[in-house]
Amino acid sequence: MLENERLHEKYAIDKLVGNGSFSIVYRATERSCDRLVAIKALRREVYDSTSHQYADSEVCAMGRLWSHPNIVSVHTVEPGDDDYIAFIVMEYVDGGSLRRQLQTGPLPVKNALAYAYDICTSLAYAHAEKVIHRDVKPRNVLLTSSQVAKVSDFGVAQVRDVHHDYASTFAGTRRYMAPEQYEEKYDHRVDIYAAGILLWEMATGEYPFMAGTQDLIRRAKDTEPEPPTWLPEPVRAILRNSLRTDPFERFRDMEEMCDALQQTLMSSYERAVVDSLSAGSRDDLPTDPLEPLRDALRIPKAAAMCIERCAFQQRQAENRELEAARAEELAEELARSLMEHVRHDDAPRVANALKQMREADIAPQPVLELVRALWRQVSGPSYTPIVVPPAPRRATDAVGLASGEEDTGTALGDDPDDESTALRLKAKGKQHELDSKWRRARSMYRRSAKAYDRKAQAEAREGVSAKTARLYQSAGECFGLAGDTRHSHASYTQAASCWIDRAGQYRDAEKWEHAAEAHRFAARAYDQAERKEEAETEYLAAADLLYRRARNAYERHAYEDAAELCQRAVRLASGSSRWRMAEEVRHLLHAARNAWS
Numbered sequence: 002m003l004e005n006e007r008l009h010e011k012y013a014i015d016k017l018v019g020n021g022s023f024s025i026v027y028r029a030t031e032r033s034c035d036r037l038v039a040i041k042a043l044r045r046e047v048y049d050s051t052s053h054q055y056a057d058s059e060v061c062a063m064g065r066l067w068s069h070p071n072i073v074s075v076h077t078v079e080p081g082d083d084d085y086i087a088f089i090v091m092e093y094v095d096g097g098s099l100r101r102q103l104q105t106g107p108l109p110v111k112n113a114l115a116y117a118y119d120i121c122t123s124l125a126y127a128h129a130e131k132v133i134h135r136d137v138k139p140r141n142v143l144l145t146s147s148q149v150a151k152v153s154d155f156g157v158a159q160v161r162d163v164h165h166d167y168a169s170t171f172a173g174t175r176r177y178m179a180p181e182q183y184e185e186k187y188d189h190r191v192d193i194y195a196a197g198i199l200l201w202e203m204a205t206g207e208y209p210f211m212a213g214t215q216d217l218i219r220r221a222k223d224t225e226p227e228p229p230t231w232l233p234e235p236v237r238a239i240l241r242n243s244l245r246t247d248p249f250e251r252f253r254d255m256e257e258m259c260d261a262l263q264q265t266l267m268s269s270y271e272r273a274v275v276d277s278l279s280a281g282s283r284d285d286l287p288t289d290p291l292e293p294l295r296d297a298l299r300i301p302k303a304a305a306m307c308i309e310r311c312a313f314q315q316r317q318a319e320n321r322e323l324e325a326a327r328a329e330e331l332a333e334e335l336a337r338s339l340m341e342h343v344r345h346d347d348a349p350r351v352a353n354a355l356k357q358m359r360e361a362d363i364a365p366q367p368v369l370e371l372v373r374a375l376w377r378q379v380s381g382p383s384y385t386p387i388v389v390p391p392a393p394r395r396a397t398d399a400v401g402l403a404s405g406e407e408d409t410g411t412a413l414g415d416d417p418d419d420e421s422t423a424l425r426l427k428a429k430g431k432q433h434e435l436d437s438k439w440r441r442a443r444s445m446y447r448r449s450a451k452a453y454d455r456k457a458q459a460e461a462r463e464g465v466s467a468k469t470a471r472l473y474q475s476a477g478e479c480f481g482l483a484g485d486t487r488h489s490h491a492s493y494t495q496a497a498s499c500w501i502d503r504a505g506q507y508r509d510a511e512k513w514e515h516a517a518e519a520h521r522f523a524a525r526a527y528d529q530a531e532r533k534e535e536a537e538t539e540y541l542a543a544a545d546l547l548y549r550r551a552r553n554a555y556e557r558h559a560y561e562d563a564a565e566l567c568q569r570a571v572r573l574a575s576g577s578s579r580w581r582m583a584e585e586v587r588h589l590l591h592a593a594r595n596a597w598s
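Everything in the sequence shown is counted per the working numbering, starting at 2 for the first residue and increasing by one.
As structure tokens, this is what we get:
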């Protein structure tokens, strides 16, 4: 324990916290203001007459850099005694050293990047003040309780406008020295190299140059290590650029390395914002859970707000596009279903479907206009719809609903195999999803999918038709919305098979363009089932039929029709190397356009 009386008058020494070859560090409490400090006592026996300027250099360097938040600041320097040449009173950092934290294994990549950013910003500030640290290592990086890194121990720092032998000689810890630092001809880039080694150790838990002795490590540094492939590519790029053997191929300065780290941290924050939007509400940006992450990744508040707003606007645009696509698909599906019922004069189902959609407004605006028009037709004086009343609710159903269970559709008197029931369940699932009731939404989607599937099987028993395929597609979509990928793919595959059978029927009837459309629908269903090879085969089959029709039209001098069919064939076969007639159809398209013009 220190025996300096003058020091004890000002400070209450608590305990020893570090003991090195050049100095001893104690934790103390400053009596005048009751604050914790660290007192670094410089051993007199180590500093001979030629190295006293080294101690002055340390004090000078830390005095210049006291104001940076990531550098341990110096409060004052107390005069020494017989055993110590000086007592440096510094800020006390309460979280231990980075070396101690690395003993438990690697850090999460985002934490490693955040610490590296703290270290590099402090070194960039030091370089701007003409100070080179020269001894960046885990032991000289201290961590606060709030997980902020602070660089300490500028004991071998070189102040570039102070010239003395000790500061310009071989100095540093060999394990973290740059290759050129062994030759005593170096500049600020040695700190970049050491920071790169620190980032490697923090992210991987391993030292990049595995060798048994210091001489072997020195030789290993003549080659550039390749970062592990499991690290994110931006992190690997930072490691490569900081650990170049040639100092002129590294980052130009520490500011450039800081920019690379900050860009990587911002990209990580942007991904977190996007994930938060995907898991949260669609109506607002969930900012509360992001605030701790924003601080942990060192993202400035203004930059974070910009990232959040851009991600939110992008998600809104994607949601609008998705809603528009689903609305268009639903409009087509409902229009076909209603017209099918009208053609078959299926009065009860027409009336029930129109009544439900008109009252609930579950369809997009174009379909609602169609619904209102059809409703006026079927409810006019020349047509009396037969509205099927709801079946009486059974006692068991009433008990189930009273206990909070979801209704299944049959509780309302709906036929479980009815297409309108499936459509209603799907709309209810959509409403639950908008209300963030995810479990109920999945339940409704699953029931809707099963209703579509049963209806499709019933239709298939009467013969494969386009309606059968569309019902299977609707089942696949609802299974997908319910998160049941396996059944979704199976339903889309069934739909593709129905479309292929339908294409064969059109071929037998020599309806070539209808057959091509059926092949195209089959390809789209295979795409949804993630069966890319079968999808490509169907796209090529559709393109081949359209090409044949284009040839016939060209020979009949119907050049406009030939050009239009060629364009459709090219669009379907674009990007496919398996369709050998792709070049030929382009020649035919060119010839048709010339003849047409």
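Here a beta-carbon is modelled for each residue, glycine too, at the ideal position from N, C-alpha and C. Model, not experiment: these values are computed from the prediction.
Could you tell me which residues DSSP pairs with residue i in its beta bridges?
i: A428; result: Answer is none; A428 lacks a bridge partner.
i: A13; result: T30
i: A87; result: L43, P80
i: I72; result: V152
i: R36; result: E31
i: L262; result: Paired residue(s): none; L262 is not in a bridge.
i: E92; result: V38
Exposed or buried, which one is residue i when buried takes at least 16 other CB atoms within 10 Å?
i: G430; result: buried
i: E309; result: buried
i: H164; result: Caution applies to H164, whose pLDDT of 44 falls short of 50 and renders its modelled position unreliable; the model cannot decide the point.
i: Y12; result: buried
i: G484; result: exposed
i: F252; result: buried
i: D166; result: Bear in mind that the predicted position of D166 carries a pLDDT of just 37, short of 50, making it unreliable; the figure below should be weighed with that in mind. It counts as exposed.
i: D216; result: exposed
i: G477; result: buried
i: S24; result: buried
i: D83; result: exposed
i: M178; result: buried
i: G21; result: exposed
i: T205; result: buried
i: T265; result: buried
i: K222; result: buried
i: S444; result: buried
i: W439; result: exposed
Among the candidates the options, whose CA atom is the shortest distance from the CA of residue i?
i: S98; options: V90, P109, P70, N141; result: N141
i: V94; options: L37, H128, Y453, Y126; result: L37
i: D154; options: A516, R45, H189, V26; result: V26
i: Q104; options: A497, V90, Y208; result: Y208
i: A125; options: D528, L240, R219, H189; result: H189
i: L3; options: P293, A29, P248; result: A29
i: E31; options: L43, L541, Y48, R7; result: R7
i: L108; options: C259, G19, L199; result: L199
i: S146; options: I133, P180, G96; result: G96
i: R245; options: L262, D192, R272; result: D192
i: E130; options: M258, S279, H69; result: H69
i: Y270; options: A304, P248, I239; result: A304
i: V152; options: R100, P301, V18; result: R100
i: K451; options: R176, T422, R440; result: T422
i: P248; options: T230, E257, Y187; result: Y187
i: V274; options: D528, Q315, G106; result: Q315
i: L294; options: N5, S279, S268; result: S268
i: T224; options: E514, M211, E319; result: M211
What residue does the alpha helix (DSSP H) around residue i start on, and which one ends it?
i: I193; result: 190-205
i: V110; result: 110-129
i: L472; result: 467-482
i: V236; result: 234-243
i: L294; result: 291-297
i: L103; result: 99-103
i: L217; result: 215-221
i: W513; result: 513-529
i: H490; result: 486-509
i: S449; result: 439-462
Looking at the secondary structure, which residues open and close the beta strand (DSSP E) in which residue i lies?
i: K151; result: 150-152
i: L144; result: 142-144
Assuming residue i and residue j make a contact with CB atoms under 8 Å, what is their CB distance in whole Å?
i: G503; j: A467; result: One detail in the question is off: residue 503 reads as Arg in this sequence, not Gly. That pair is a contact at about 6 Å.
i: Q474; j: A459; result: Not really, about 16 Å apart at Cβ, beyond 8 Å.
i: A517; j: L541; result: In fact, because the Cβ distance is near 11 Å, the residues do not count as touching under 8 Å.
i: T174; j: D119; result: No, T174 and D119 are not in contact; Cβ-Cβ is about 20 Å, not under 8 Å.
i: K111; j: L298; result: 6 Å
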